[in-house]
Structure formats: C-alpha cells, structure tokens
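Read through the structure below, which is laid out as structure tokens, and then see the notes.
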Amino acid sequence: MSDAVLEHMRTRYRVDAHWLPNRQSAQTLADQATAWGRMAGPADSKTWVGLPLAVHRRCDKPMHGLANRIAYDGAMVYGTIAPRADKETPARLPTGWIHASGTSDGNWVPAEGKALRALLALLHEDGVNAADISVITPFKNVLENLKRLLGDTMVSGTIHTMQGKEAPVVIMVLGGNTDGPGARDWAVSEPNLLNVAATRAKRRFYVIGDRNDWQNRALFCDVMDLLPLQRLPEHEAVAMTQPQ
Numbered sequence: 000m001s002d003a004v005l006e007h008m009r010t011r012y013r014v015d016a017h018w019l020p021n022r023q024s025a026q027t028l029a030d031q032a033t034a035w036g037r038m039a040g041p042a043d044s045k046t047w048v049g050l051p052l053a054v055h056r057r058c059d060k061p062m063h064g065l066a067n068r069i070a071y072d073g074a075m076v077y078g079t080i081a082p083r084a085d086k087e088t089p090a091r092l093p094t095g096w097i098h099a100s101g102t103s104d105g106n107w108v109p110a111e112g113k114a115l116r117a118l119l120a121l122l123h124e125d126g127v128n129a130a131d132i133s134v135i136t137p138f139k140n141v142l143e144n145l146k147r148l149l150g151d152t153m154v155s156g157t158i159h160t161m162q163g164k165e166a167p168v169v170i171m172v173l174g175g176n177t178d179g180p181g182a183r184d185w186a187v188s189e190p191n192l193l194n195v196a197a198t199r200a201k202r203r204f205y206v207i208g209d210r211n212d213w214q215n216r217a218l219f220c221d222v223m224d225l226l227p228l229q230r231l232p233e234h235e236a237v238a239m240t241q242p243q
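The C-terminal position of the sequence shown is numbered 243 in numbering that gives the first Met the number 0, with every residue numbered one higher than the one before it.
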C-alpha cells in the first residue's frame, strides 16, 4: 500500500501518524498495544516490550547476545540447538562487520554495494545457496538500489518487512546519507530495528557500513564487540578508508 493511500486512510479515520505501518514495525505496534510487558533497552532510552521472550531458540550466539543486550536487558536465555554438521552453513566468514565507506547518493552508498558483491562472491565460493541468504536494509532508497544490483532473489526488503521471517545468512546493508546525521540517527532511534535485523539470522549476520561512523552511534556503540571487523579477500580492490 502506497504512502499516499496510507495517509488518506489515516486522515479519513483520524488515526495518529504514530500508528502508520510505514513508520512502525508490526512488532513495535503489537508491543504498544499489549498491557503486559516490561521496559527494556539502554538506560537512557528504554522501550516498552510486550510479553518479552524468555528463551530464544532461533539464532546463534552472536545474534542472541546482540538482541539480549540492546532489547532485553540480559533477560533472554540462549536456547538454540546447534544444527547437525550437514545442516550447518558452509560460510567460512564469522558473523561480523564489513567496513565500507564513501559518499552517498541519497541513502545509497555505492561502496557498500561493492562490498556486498564481494561478500556474496565469497559466500558463493563457500557453497552457500542464494536461497539461504537474505539482504536487508533500513532504507527504501537503498532497497531500490539493491534490487537493481541483485534482482529480487536475495533482497528481502527493509528490516520492517523481514519481521517474522528468518534465514541462515542475513546481510544488513546500512546506507544512510553522508551529508547529514538525520537518516543514520533515525536508524538507531529505537532498539527494535537492530534487534529485528540481527534475530532474523540463524547462523551468520553480516553488517556492511562505515564502521568509523556507526560505532559512535546509539545501540551500535554497545554491541561492536559482538560484530568484529571481518576482511574479505576480494575486498582488497575496493577503494575504502580503513576503520580506526
């Protein structure tokens, strides 16, 4: 449903813009409509979480640890059972951060697209099936560029549309306009966005973006130890500054 149609319906039925589905995820709206729950997240910006999970059984430890730290105050118990050897992902690169920096075109950073292609080439070399990979982003403009780059095969959409889904390997292409902090500040304005992104990934979670920038922003600054810098062999040809 287009933004224009949503705005018309909101005005017609006198609904506050806060409840628009293109501004909030289904999980966030469900949390706010639930009477039972708790306040969770960083001490200076706690968020109401309705009926929080007690045991998490989907993700490997790095992703569980990330979500537990930013959204559950350490209250979530790790309950994921390791898969059989023949079901484990063949991806050799551990969960972590792929550094890519450069100027943006809107929220799209071309250097991140190059890094994504290098990562996908490595995963293909390792024998990871395209069907086991989901590429997501916080921004619609980045989503459009990802689809032009890859088609619809691996591009799952924005983080909000990935709610309720999962994949063995999830790649989050951050993007964000480099001319000002607004877009990137929005992406870290609430823990649910990063929480949803990380917990869609069952075995590997890769973040592509400018580590020098994001490591100083809310939420990311608390979990960078769980997203160690990973270097790609094919990445050597991509012109980038190195993270500090």
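Note that beta-carbon positions come from the ideal geometry of N, C-alpha and C, so glycine has one too.
From a predicted model like this one, the values you see are computed outputs, not experimental measurements.
With distances taken from CA atoms, which of Ala120, Gly181, Ala196, Ala166 is nearest Thr157? When each option's Cα is compared against that of Thr157, the closest is Ala196.
Which of the three DSSP states, helix, strand or coil, is assigned to Asp178? Here Asp178 sits in coil by DSSP.
Taking the alpha-carbon of Gly175 as reference, which of Asn128, Thr79, Ser103 has the nearest alpha-carbon? With distances taken between Cα atoms, Gly175 lies closest to Ser103.
Assigned exposure category for Met62 - 16 Cβ within 10 Å defines buried: Buried, because 16 or more other Cβ atoms sit within 10 Å of the Cβ of Met62.
Span separating the alpha-carbon of Ile135 from that of Ala70: One C-alpha to the other measures close to 20 Å.
Would you call Tyr205 buried or exposed, if buried means 16 or more other Cβ atoms sit within 10 Å of its Cβ? With 16 or more Cβ atoms within 10 Å of its Cβ, Tyr205 is classed as buried.
Hey, how far is the Cα of Leu65 from the Cα of Ser188? The straight-line gap separating the alpha-carbon atoms of Leu65 and Ser188 is approximately 16 Å.
CB-CB under 6 Å to Asp209, same chain, minus the five flanking residues each way: which ones, in chain order? Cβ neighbours of Asp209 beyond the five flanking positions: Ser100.
Does DSSP put Ile80 in a helix, in a strand, or in coil? DSSP, read as helix, strand or coil, puts Ile80 in coil.
Which two residues bound the contiguous beta strand (DSSP E) that contains Pro190? Premise fails: Pro190 lies in the alpha helix (DSSP H), 190–198, not in any beta strand (DSSP E).
Can we count Arg216 as close to the ligand PLP, meaning its CB is less than 6 Å from some heavy atom? In the structure on display, the ligand PLP does not appear, and there are no ligands present to speak of.
Look at Val48 and Asp30 and say whether their C-beta atoms are less than 7 Å apart. Contact flag set, yes.
What number of angstroms, rounded off, separates the C-alpha of His159 from the C-alpha of Ala200? Rounded to the nearest whole angstrom, the C-alpha separation of His159 and Ala200 is 14 Å.
Work out the CA separation of Ala114 and Val54 for me, nearest whole Å. The straight-line gap separating the alpha-carbon atoms of Val54 and Ala114 is approximately 34 Å.
Hey, how far is the Cα of Met161 from the Cα of Ser155? Each residue's Cα considered, the two are about 7 Å apart.
Helix, strand or coil: how does DSSP classify Gly64 here? Gly64: helix per DSSP, three-state reduction.
Just mark Leu58 as buried or exposed, buried being the case when its beta carbon has 16 or more other beta carbons within 10 Å. Looking at the sequence provided, one finds Cys at residue 58 rather than Leu. Per the 10 Å Cβ criterion, buried.
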